[in-house]
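Respectively, the protein sequence lines represent chains A and B.
Residues in the first sequence are numbered from 1 upward in steps of one, following my numbering.
Residues in the second sequence are numbered from 1 upward in steps of one, following my numbering.
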Amino acid sequence: EQQVQQSPASLVLQEAENAELQCSFSIFTNQVQWFYQRPGGRLVSLLYNPSGTKQSGRLTSTTVIKERRSSLHISSSQITDSGTYLCAMEHPSGSWQLIFGSGTQLTVMP
Amino acid sequence: GPKVLQIPSHQIIDMGQMVTLNCDPVSNHLYFYWYKQILGQQMEFLVNFYNGKVMEKSKLFKDQFSVERPDGSYFTLKIQPTALEDSAVYFCASSSDWGNYAEQFFGPGTRLTVL
């Protein structure tokens, strides 16, 4: 079973539209991070959000730990936002390793 | 924000050879990690390292893999000998703390191709 489920698997937007990406966990976790992976593979950390709401520029993440979910909202999308968005949670055993989802492939069209 | 560097960015080697991937973690960080991502697949944890020791490793961390950080220099992942299935992007990460509220900072990855 996938411990980290991301939806949608892919999303196509017109420039300036907003995006809402979802992440759900099969078990409880205390740690959630969102990443952006460029088409070439380079990984960029977006938001570290173990609980509550955090904002960075056009990105807003809301994590509700007791409901085992986190979301990433991208406002006023830009073409350069295209890429893969990954959600990761702390391994439930208490060890410090991240478990990643399969990602949401975002394409922003002009 | 804090930067993790990885050298080289790309490495192509023949099967059976040894390869060493280098990671320069954030300067005051004490906890180090390697992750592996095969093309088109999920990122997966390999190993974490603290105070000169491997703390945990996954089933992907085969006997041919080893990690070390001699004298506070690069944190390295060595594969000896390499196999075709080792072709992947390897990401290094570091954190200042362990457990809750310990954000991991990732490097840009080293793309390893084993021929």
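By construction, the Cβ of each residue, glycine as well, lies at the ideal position given by its N, Cα and C atoms.
Residue 3 of chain B - DSSP class collapsed to helix/strand/coil: Under the three-state reduction of DSSP, residue 3 of chain B is assigned to coil, being neither helix nor strand.
I'd like to know whether the C-beta atoms of residue 12 of chain B and residue 113 of chain B end up nearer to each other than 8 angstroms. Their beta carbons are under 8 angstroms apart, which means residue 12 of chain B touches residue 113 of chain B by this criterion.
DSSP beta-bridge partners for residue 52 of chain A? Partner residues in the beta bridge of residue 52 of chain A, as assigned by DSSP, are A:63.
Taking DSSP's pairing of strands, which residues face residue 22 of chain B in a bridge? Partner(s): B:7, B:76.
Measuring only the C-alpha atoms, how far is residue 55 of chain A from residue 47 of chain A? Computed Cα separation, rounded: 8 angstroms.
Measuring only the C-alpha atoms, how far is residue 38 of chain B from residue 59 of chain B? Those two C-alpha atoms are separated by around 15 angstroms.
What does the Cβ neighbour count give for residue 107 of chain A, buried or exposed, with the cut at 16 atoms within 10 Å? It counts as exposed.
Which residue's Cα is closest to the Cα of residue 15 of chain A: A:81, A:26, A:85? Answer by Cα proximity: A:81.
Can you find at least 3 beta carbon pairs, one from the segment 73-90 of chain B and one from the segment 20-31 of chain B, that sit closer than 8 angstroms? Taking 8 angstroms as the limit for Cβ pairs, the verdict is that the segment 20-31 of chain B does touch the segment 73-90 of chain B.
Is it buried or exposed for residue 71 of chain B, if we count other Cβ within 10 angstroms and need 16 for buried? The residue is exposed, with fewer than 16 neighbouring Cβ atoms inside 10 Å.
Does any CB atom of chain B fall closer than 8 angstroms to the CB of residue 5 of chain A? No, because no Cβ of chain B sits closer than 8 angstroms to the Cβ of residue 5 of chain A.
Let me know the secondary structure DSSP gives residue 103 of chain B once reduced to three states. In this structure, residue 103 of chain B counts as coil in the three-state DSSP scheme.
Hey, could you find the ends of the beta strand (DSSP E) residue 10 of chain A is sitting in? Counted as a single uninterrupted DSSP element, the beta strand (DSSP E) harbouring residue 10 of chain A occupies residues 10-14.
Who are residue 83 of chain A's beta bridge partners in DSSP? Answer by DSSP bridge pairing, in chain order: A:106.
Residue 43 of chain B, enclosing beta strand (DSSP E) - first and last residue: Run containing residue 43 of chain B: 43-50, per the beta strand (DSSP E) assignment.
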